[in-house]
């Protein structure tokens, strides 16, 4: 490398950016093409993409057969938001060019980012036909399918890439860990664990450790989960989603104090993390700390009225303690924010019924029954409300539906016969 350029880079690395960049500018005019290429890459790394592109375009005119220059220019165009120019550059690179593989991967990424998934997939598959043993392409297809949620296809290509070998050492992802992610996402947890452990031998990344911990939770292997989450948080204490997962593992083992400490630490690092407040509320309610638990639930819902899990937790709690005034207050708060779910209506109906607003309860039940989730409890509750509202014509079919689900319910059979006689 040019000695003056080395000096300039050293200045930049030491924090003397302006002085270093001035030196770089002074070098360009008399520099050879190799040095200009190095400077272009330096500019790109420093975020000075427009300057990098000027040098790249100059070199492209001199070396029109060098596909790697077109690929580099396309990356600059992408960074500058000029996708069409990037596409033109990449499509100039022919199959025999050493940069063809890089070009196809960039094209696929670009098409995928534009929502043209079928085109992206086609590009990768066509490239694989030309280079069927190219593990980087297999990995690219695996990444594409994983992002799309096509986990079985992703697994197939990750396995090919892993067992084919010949992957670069500087990959941004570990193929074994990614294979584990695909297995975990498809519910194949045992296989996922195997590949997480294999991938993490090389480098215990934060995301990999989280995946191992999460998958272990699904398998109810709480000791492994706790170990993985603790290692992750030692490495990165600000990985706040791990605190809630760690607390769940501790709660499953009835380690209440450890769970509480994990949640407290997580909340201290991320005071707007709804999941942590919700888990703290569940912990407190399970331990009989009802007032504190209620307050944490209220906090979550105030932060985000769309948090259905928190709303459900609160509604079930109010139902258990028969606090129908609080239940109605919560539902009306949700109304103010236009939050709707048929499930909320069944609770509204119950609360109104208990508060002797029978007509309002019946109207709420009409909405609740529009849900596809017509369980026996809902059908029975609705029938009771309709009967109280003198709507036997609505109640009778619901009771018959309950009996069809459970023919052994003699109490329901008796009630139906009784109503038919009236």
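In UniProt numbering, the protein residues as written are 1 to 422.
Don't be surprised by glycine CBs; every beta carbon is placed ideally from N, CA and C.
Distance, residue j Cα to residue i Cα
i: residue 262; j: residue 32; result: 58 angstroms
i: residue 147; j: residue 131; result: 23 angstroms
i: residue 290; j: residue 280; result: 12 angstroms
i: residue 7; j: residue 307; result: 55 angstroms
i: residue 312; j: residue 331; result: 11 angstroms
i: residue 241; j: residue 277; result: 12 angstroms
i: residue 377; j: residue 347; result: 12 angstroms
i: residue 396; j: residue 381; result: 12 angstroms
i: residue 169; j: residue 105; result: 17 angstroms
i: residue 76; j: residue 43; result: 10 angstroms
i: residue 67; j: residue 181; result: 34 angstroms
i: residue 150; j: residue 185; result: 10 angstroms
i: residue 95; j: residue 69; result: 15 angstroms
i: residue 110; j: residue 126; result: 16 angstroms
i: residue 159; j: residue 341; result: 42 angstroms
i: residue 360; j: residue 408; result: 32 angstroms
i: residue 336; j: residue 302; result: 12 angstroms
i: residue 390; j: residue 334; result: 29 angstroms
i: residue 412; j: residue 399; result: 7 angstroms
i: residue 339; j: residue 74; result: 45 angstroms
i: residue 78; j: residue 329; result: 51 angstroms
Residue i - containing alpha helix (DSSP H), residue span
i: residue 272; result: Premise fails: residue 272 is in no alpha helix (DSSP H) and is neither H nor E.
i: residue 409; result: It is not in any alpha helix (DSSP H) - residue 409 carries neither H nor E in the DSSP assignment.
i: residue 94; result: Residue 94 -> no alpha helix (DSSP H), and no H or E assigned at all.
i: residue 215; result: 206-218
i: residue 422; result: Taken as a continuous stretch (DSSP letters only), residue 422 belongs to no alpha helix (DSSP H), as it is neither H nor E.
i: residue 255; result: Premise fails: residue 255 is in no alpha helix (DSSP H) and is neither H nor E.
i: residue 380; result: 376-388
i: residue 165; result: Neither: residue 165 is in no alpha helix (DSSP H) and is coded neither H nor E.
i: residue 201; result: 189-202
i: residue 228; result: 222-235
As assigned by DSSP and simplified to three states, the class of residue i
i: residue 116; result: coil
i: residue 340; result: coil
i: residue 371; result: coil
i: residue 49; result: helix
i: residue 3; result: helix
i: residue 66; result: coil
i: residue 16; result: coil
i: residue 148; result: helix
i: residue 287; result: coil
i: residue 173; result: coil
i: residue 311; result: helix
i: residue 365; result: helix
i: residue 345; result: helix
i: residue 391; result: coil
i: residue 303; result: helix
i: residue 397; result: helix
i: residue 136; result: helix
i: residue 360; result: helix
i: residue 131; result: coil
i: residue 429; result: Lying before the first or after the last residue shown, residue 429 is absent from the chain, which here runs from 1 to 422.
i: residue 320; result: helix
i: residue 81; result: coil
i: residue 244; result: helix
i: residue 75; result: helix
Distance between beta carbons of residue j and residue i, contact taken as under 8 angstroms
i: residue 209; j: residue 195; result: Wrong, their Cβ atoms sit about 14 angstroms apart, outside the cutoff.
i: residue 345; j: residue 368; result: 4 angstroms
i: residue 206; j: residue 232; result: 6 angstroms
i: residue 211; j: residue 229; result: Actually they are not in contact, since the Cβ atoms of residue 211 and residue 229 sit about 11 angstroms apart, beyond 8 angstroms.
i: residue 144; j: residue 108; result: 6 angstroms
i: residue 28; j: residue 20; result: Not confirmed; about 13 angstroms, so no contact.
i: residue 283; j: residue 256; result: 7 angstroms
**Item:** Validate contact between the segment 147-167 and the segment 201-210 using beta carbons, cut 8 angstroms, 3 pairs
**Value:** The segment 147-167 is not in contact with the segment 201-210.
**the segment 242-262 / the segment 222-234 touching (three or more Cβ pairs under 8 angstroms)** = yes
**Asked** Is the number of C-beta pairs between the segment 356-370 and the segment 307-326 that are closer than 8 angstroms three or more?
**Response** no
**Item:** Inter-stretch contact at 8 angstroms, needing at least 3 Cβ pairs: the segment 86-106 / the segment 136-145
**Value:** yes
**Prompt:** Quick one: any contact between the segment 51-60 and the segment 23-39, if contact means 3 or more CB pairs under 8 angstroms?
**Reply:** yes
**Prompt:** Between the segment 120-131 and the segment 77-94, do three or more beta carbon pairs fall short of 8 angstroms?
**Reply:** no
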